[in-house]
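Asks:
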Amino acid sequence: MEIKDFVKKRKEELKEEISKINKTISFLIIQVNDDEASNAYVKGKIKDASEVGINAILKRYPTSITEEELLKEIDKTNNDQNIYGIIVQMPLPKHIDEKKVSLAISIKKDIDGFHPMSLFTPCTPKGIISYLDEENFNYDSKNALVIGRSHIVGRPIAELLLNRNCNVTITHSHTKSDDLRRYVKNADLIVVAIGKTYFLDKTYEYKNDAYIIDVGINRTGDGLKGDCKPSLPVKLQTPVPKGVGLLTRLSLIENILEAYKYGI
Ligand code: NAD
């Protein structure tokens, strides 16, 4: 099933489930920038929430807000009985420590899953797994290659795949080119999350039954492009746009509902 159809189906199921809950499920988005990409992400999150019956509250602060003031706002929301989840839209102004802010969010409300003790799975890896499940990907003893080692995608997806009994290899900016080619050739599943337009192309050899999950979002003069050139000779390759981005957005809604179920 195409990702957009899968996401549509799941959103209808979530809407149905939420309609039966006799309480408004609210979450807070904190934005301290006027970044074009952030505005688009925030708009998307609000739209997704309203489509399934969740109440998104957006609070925008001037970039002059101090770290202390922002931490106070988060603390206040951590204790607010009517708010089930908190998202801080990155990036933050330079004078505010992003890590400190992420760590200030209650682990019961950290629906992005960025806190090391968070009760939630980070949205992009969670979305990838739900799509692979939908596609009946058989994880056991498969060779999974994760290209990129970020804390929000590469590392957590590697762990989720390992938990499902894949043989996981993580490569990164210091991996030698010949080694990467060898890993790619041997991979049953490749997850690419590095932010380099068309990094994987037809110069690499692939298994013809391989699955490629393209996480990359690269803004080019010619629109959004992935980390993989389209139409690689494999069994399944996720598109960009309308690919992993939609799965990430879906997982956020699922995490908000989960937060409601945990209770405050
Ligand atoms: P990042 O941008 O924080 O870091 C880049 C990672 O790529 C690092 O781990 C680095 O080691 C690795 N890398 C860089 N050059 C490499 C190379 N030549 N070979 C192998 N690895 C290399 O990572 P991120 O936050 O995971 O973002 C990666 C990409 O995924 C970006 O394009 C980002 O916009 C996109 N992204 C998309 C979604 C989505 O929902 N679709 C979500 C998160 C990130």
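Numbering-wise, the sequence shown is residues 7 to 270 according to this note's numbering.
For each residue, glycine too, the CB sits at the ideal point set by N, CA and C.
(1) Nearest to L215 by alpha carbon, out of D194, V107, E73?
(2) Based on Cα-Cα distance, which residue from P245, N88, G50 lies nearest to I31?
(3) Can you tell me which residues form a DSSP beta bridge with Y212?
(4) Any heavy atom of the ligand NAD within a distance shorter than 6 Å of the CB on R155?
(5) So is the beta-carbon of I135 under 6 Å away from any non-hydrogen atom of the ligand SAH?
(6) Kindly list the residues whose CB is nearer than 8 Å to the CB of L230, restricted to its own chain and excluding five residues on each side of it in sequence; keep chain order.
(7) Three or more C-beta pairs under 8 Å: does that hold for the region 204-218 against the region 90-104?
(8) Keeping to the same chain, check which residues put their C-beta closer than 8 Å to that of K17; ignore five residues upstream and five downstream.
(9) Identify the continuous alpha helix (DSSP H) that holds V107 and give its terminal residues.
(10) By the 10 Å Cβ neighbour count, where 16 or more other Cβ atoms means buried, how is S237 classified, buried or exposed?
(11) So what does DSSP say about N192, is it helix, strand or coil?
(12) Considering only residues of the same chain and omitting the five flanking positions on each side of V190, which have a CB-CB separation below 6 Å?
(13) Which of the three DSSP states, helix, strand or coil, is assigned to R170?
(14) Can you list, in chain order, the residues of its chain with a C-beta nearer than 6 Å to that of P162? Leave out the 5 residues immediately preceding and following it.
(15) Starting from A164, follow its DSSP beta bridges and name the residues at the other end.
(16) Check the DSSP bridge columns for Q243 and list the partner residues they point to.
(17) Between L76, H121, I102, which lies nearest to L109 when the distance is taken from Cα to Cα?
(18) When the Cβ atoms of the region 138-146 are set against those of the region 154-172, are three or more pairs found closer than 8 Å?
Replies: So, from the listed chains and residues:
(1) Your numbering for residue 215 matches position 209 in the sequence shown. Here residue 215 is Asp; the residue named in the question, Leu, does not match the sequence. Here the closest residue by C-alpha is D194.
(2) Taking the first residue of the sequence shown as position 1, residue 31 is located at position 25. The alpha carbon of I31 has as its nearest neighbour, out of P245, N88, G50, the alpha carbon of N88.
(3) Residue 212 sits at position 206 when you count from the first residue of the sequence shown. The partner list for Y212 (beta bridge, DSSP) is empty, contrary to what the question assumes.
(4) Within the sequence shown, numbered from 1, the residue matching residue 155 stands at position 149. Because some heavy atom of the ligand NAD lies under 6 Å away, the Cβ of R155 counts as near it: yes.
(5) No copy of the ligand SAH occurs in the structure displayed; its ligands are the ligand NAD alone.
(6) Counted from its first residue, the sequence shown places residue 230 at position 224. Cβ within range, chain order: I223, N224, V246, P247.
(7) No: fewer than three Cβ pairs fall under 8 Å.
(8) If you number the sequence shown from 1, residue 17 lands on position 11. Cβ within range, chain order: D54, E57, V58, L256, I259.
(9) Walking along the sequence shown from the start, residue 107 turns up at place 101. Boundaries of the alpha helix (DSSP H) harbouring V107: 104-110, taken from the DSSP string.
(10) In the sequence shown, the residue the question calls residue 237 occupies position 231. Using a 10 angstroms sphere on the CB of S237, the tally of other CB atoms stays under 16, which defines it as exposed.
(11) Start at 1 with the first residue of the sequence shown, and residue 192 comes out as number 186. Helix.
(12) Within the sequence shown, residue 190 is the residue found at index 184, counting from 1. Same-chain partners within the cutoff: Y210.
(13) As a working note, residue 170 is residue 164 in the sequence shown. DSSP places R170 in coil when its eight states are reduced to three.
(14) Taking the sequence shown and counting its residues from 1, one reaches residue 162 at position 156. So the qualifying residues of the chain are P128, P131.
(15) On the sequence shown, residue 164 is found 158 positions in, with the first residue counted as 1. Answer is none; A164 lacks a bridge partner.
(16) For the purposes of this step, residue 243 is taken as residue 237 along the sequence shown, with counting starting at 1. For Q243, which the question treats as bridged, DSSP gives the partners I218.
(17) On the sequence shown, position 103 is the one that residue 109 refers to. Comparing Cα positions, the closest option is H121.
(18) With contact defined as three or more Cβ pairs closer than 8 Å, the region 138-146 and the region 154-172 are in contact.
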